[in-house]
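Data first, discussion second: the structure below is written as structure tokens.
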Amino acid sequence: MRIRWATKDLLIKIVYYGPPLAGKTTNLQKLQELIPSSRRSDLVSLDTEGDRTLFFDLMEVSLGKIGGLTPRVSVYTVPGQPRYKRVREVVLRGADGIVFVADSAADRLRENLAIWYEMLNYMKAMRLCDSPVLLQMNKQDLPNSLRPSQMQGLFKRPGKEVPSIAAEAFQGKGVKETFSQILSLVVSGGRKS
Amino acid sequence: MDYKNLFGHATDNTASKREKALSLIEDALRDLGASVMLVASQNGEALLFAGDEEPRQMGLLAALGAAGLSALQEVIMTAFSGVEGEEEQLMTLEVSDGLIVLLSSPPVMFLAVFRDKSRLGLARLLLKRLVSKCDWDALLPNEADHVSLEEKQLQHLLEGLWEN
Ligand SMILES: Nc1nc2c(ncn2[C@@H]2O[C@H](COP(=O)(O)OP(=O)(O)O)[C@@H](O)[C@H]2O)c(=O)[nH]1
Ligand SMILES: [Mg+2]
Chain Z
1 MRIRWATKDL
11 LIKIVYYGPP
21 LAGKTTNLQK
31 LQELIPSSRR
41 SDLVSLDTEG
51 DRTLFFDLME
61 VSLGKIGGLT
71 PRVSVYTVPG
81 QPRYKRVREV
91 VLRGADGIVF
101 VADSAADRLR
111 ENLAIWYEML
121 NYMKAMRLCD
131 SPVLLQMNKQ
141 DLPNSLRPSQ
151 MQGLFKRPGK
161 EVPSIAAEAF
171 QGKGVKETFS
181 QILSLVVSGG
191 RKS
Chain X
194 MDYKNLFGHA
204 TDNTASKREK
214 ALSLIEDALR
224 DLGASVMLVA
234 SQNGEALLFA
244 GDEEPRQMGL
254 LAALGAAGLS
264 ALQEVIMTAF
274 SGVEGEEEQL
284 MTLEVSDGLI
294 VLLSSPPVMF
304 LAVFRDKSRL
314 GLARLLLKRL
324 VSKCDWDALL
334 PNEADHVSLE
344 EKQLQHLLEG
354 LWEN
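Residue numbers (my numbering), protein chains in the order written: chain Z, 1 to 193; chain X, 194 to 357.
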């Protein structure tokens, strides 16, 4: 969290990380529906290849006013494709909290884990090890999806708990809870899990 | 320009450092006839100078969008992230109506967009001077986290956030 003094904004940066097509953009689209337009910016999406995020999506959410400051949450997604590794790195920089959107389909597990460890490596290099990571197990509706109990133990962080939430983002299930919980984790300094 | 409004919290000393840094960049912008100048730090924060407008501080990605440079984002980001510990990196991009020159000198980057292609040499010189002379730290303060938001307050704010 930082203060942008010019506007007295308390800035909180949340990044939705994960493999391509896991549902990161869908999360932001649903948040856009759930949050009145007076409290958020439009969702800026730069996608030029069908429904795949190229570069990133960005939305700013204003939480109201507290003690003369306006907490403002910048929500980003990263492009999941292997060739956009560098963009992921840049977007991740300075993240106060990360939502890892995993695709629960059993056949995507390996891909999920590869990008999970990439993220942990970046976090270590950027000294973001204190930032909380919330695992969102998305696409729980798929017939071949792994159950939460099967997934939870697989996404590990050295010395840290990994809190998790099951979701069906395209139905809006778990979207609000994910956003609220990552903010709570940021504010509580990750003590809660 | 209303510096007081921009940096109302600053002590006199840091305020004058900022003024100096701001005017260095504004001078460069004028000398070059640039339409956009941007200074960004590696923590992802940027200050955007566009024409006569007041400089605006925002996230680097948002600033690139506001400067109409979204399409070049990947290129710019890659140049900026560079290799850890790498020295200065100068990059020139030719676009239909001018040039974009970027000097990355981690942890800071300066970027200028201008039309007159014959001024490339001048642009390089000015950017180099900014890297060495401009106290960009004073412009993009990475304030320590003296503030904190209580969880109770957050819960309260979140309750009011959603559409019914
Ligand atoms: N079955 C199912 N599909 C989903 C779910 N959430 C998102 N999708 C779909 O997955 C595809 C990729 O989603 P998108 O948000 O673009 O993925 P991104 O690449 O991570 O941003 C889209 O067709 C979504 O409609 C879900 O919970 N279940
Ligand atoms: Mg996407």
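C-beta: ideal position from N, C-alpha, C; glycine also.
Using a cutoff of 7 Å, the CB of Phe56 of chain Z does not count as near ligand 1, since none of the ligand's heavy atoms is closer than that. As far as DSSP is concerned, Tyr84 of chain Z takes part in no beta bridge. Arg72 of chain Z: member of the beta strand (DSSP E) spanning 70 to 77, first to last residue.
Shown here, Arg223 of chain X sits in a helix according to DSSP, grouped into three states. Close CB contacts of Lys13 of chain Z within its chain, under the 6 Å cut and outside five residues either way in sequence, are with Ser74, Gly94, Ala95, Asp96 (chain order). Leaving aside the five residues that flank Lys30 of chain Z on each side, the residues in its chain whose CB is nearer than 7 Å to its CB run, in chain order, Ala169, Gly172, Val175. Rounded to whole angstroms, Leu254 of chain X and Gln266 of chain X show a C-alpha spacing of 8 Å. Looking at the DSSP output, Met284 of chain X bridges to X:Leu295. Between Arg72 of chain Z and Leu10 of chain Z, the C-beta spacing is below 8 Å. Counting only runs that start and end inside the stretch 222 to 260 of chain X, the alpha helix (DSSP H) elements of at least 4 residues fall at 253 to 259. Taking 8 Å as the cut-off, the Cβ atoms of Asp103 of chain Z and Pro19 of chain Z count as close. The beta carbons of Asn144 of chain Z and Asp107 of chain Z sit closer together than 8 Å.
Using a C-beta cut-off of 8 Å, the stretch 177 to 184 of chain Z makes contact with the stretch 124 to 141 of chain Z, since at least three inter-stretch Cβ pairs fall below that distance.
Using beta-carbon distances, Leu295 of chain X does not count as an interface residue toward chain Z, since no partner is under 8 Å.
Going by C-alpha positions, Gln346 of chain X is about 10 Å away from Val187 of chain Z. Against chain Z, the beta carbon of Met270 of chain X has neighbours under 9 Å at Phe55, Arg86, Val87, Glu89, Val90, Val91, listed in chain order. Here Phe273 of chain X carries a helix assignment [DSSP, helix/strand/coil].
Chain Z places a beta carbon closer than 8 Å to that of Ala255 of chain X, counting this residue as a contact. Sequence-distant partners of Val91 of chain Z (beyond 5 residues in either direction) whose C-beta falls short of 7 Å from its own C-beta, in its chain, are Val15, Phe56, Tyr76, Val78. In this structure, the CA atom of Ser298 of chain X is about 42 Å from the CA atom of Ala167 of chain Z.
Comparing alpha carbon positions, the residue from X:Asp224, X:Ser209, X:Ala272, X:Leu318 closest to Gln235 of chain X is X:Ala272.
With a threshold of 8 Å between beta carbons, Glu281 of chain X makes no contact with chain Z.
Rounded to whole angstroms, the separation of the alpha carbons of Lys210 of chain X and Val229 of chain X is 22 Å.
Beta bridge pairing from DSSP links Phe100 of chain Z with Z:Tyr17, Z:Leu135. In the structure shown, Met59 of chain Z adopts extended strand secondary structure according to DSSP, grouped into three states. At a cut-off of 8 Å between beta-carbon atoms, Leu10 of chain Z makes contact with chain X.
Distances taken from the Cβ of Leu254 of chain X to the heavy atoms of ligand 1 include none shorter than 7 Å. At a cut-off of 8 Å between beta-carbon atoms, Glu267 of chain X makes contact with chain Z. The beta-carbon separation of Leu304 of chain X and Leu231 of chain X, rounded to 4 Å, stays under the 8 Å limit for a contact. Between Gln250 of chain X and Leu240 of chain X a beta carbon distance of about 5 Å is seen, short of the 8 Å cut, so the two are scored as contacting.
Linking Glu161 of chain Z to Gly189 of chain Z through their CA atoms gives a straight-line distance of about 13 Å.
Within 7 Å of the C-beta of Thr77 of chain Z there is at least one heavy atom belonging to ligand 2. Of the heavy atoms belonging to ligand 2, none sits nearer than 7 Å to the Cβ of Lys13 of chain Z. Ala316 of chain X places its beta carbon less than 8 Å from that of Val294 of chain X.
In chain order, Leu342, Glu344, Leu347 make up the part of chain X whose C-beta sits under 7 Å from the C-beta of Val187 of chain Z. Not one heavy atom of ligand 1 sits closer than 7 Å to the Cβ of Leu265 of chain X.
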